[in-house]
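Asks:
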Amino acid sequence: QVQLVESGGGLVQAGGSLRLSCAASRSIRANNMGWYRQAPGKQRELVARITTGGSTTYVDSVKGRFTISRDNAKNTVYLQMNSLKSEDTAVYYCKVETGYGLGVWGQGTQVTVSS
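Our numbering puts the first residue of the sequence shown at 75, with every later residue one more than the last.
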């Protein structure tokens, strides 16, 4: 089973940037990938998704600020986050879609934006 390791989280001031990485233990070329986040007391939500063909979708709250990308040669998916806001504070999770509505999650990385 594939394993995912997220990195790149941390503490940043409002207006700053972070780039999250999600490294997979095997090729993800044939998988759609997603970044999710979960803030305290809230449900986990899909932030951005990228298909095997490179098509991307974003939740409205991050459009124009976040960019998801993938490097299949490195088995890695990225989430570039710019113009961060305090409401972006959450644990960010990477997910590889394995079909039939199933997927594998990473352990998460904390992003904290101070205002």
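We treat Cβ as the ideally placed atom computed from N, Cα and C, and that holds for glycine. For clarity, every value in this text was computed on a predicted model and none was experimentally measured.
Mind checking whether Val170 and Gly182 have CB atoms under 8 angstroms apart?
Replies: no
Asks: Between Gln112, Leu78 and Val79, which has its C-alpha nearest Val185's C-alpha?
Replies: Gln112
Asks: Just tell me which of Ser160, Gly173, Tyr152 and Lys159 has its CA closest to the CA of Thr130.
Replies: Tyr152
Asks: Can you tell me whether Asp134 is buried or exposed? The criterion is at least 16 other CB atoms within 10 Å of its CB, across all chains shown.
Replies: Asp134 counts as exposed, since fewer than 16 other beta carbons sit within 10 angstroms of its beta carbon.
Asks: Since I believe Val178 is in contact with Asp162 (beta carbons under 8 angstroms), could you give me their beta-carbon distance rounded to a whole number of angstroms?
Replies: Contact flag wrong, Cβ pair sits at about 24 angstroms.
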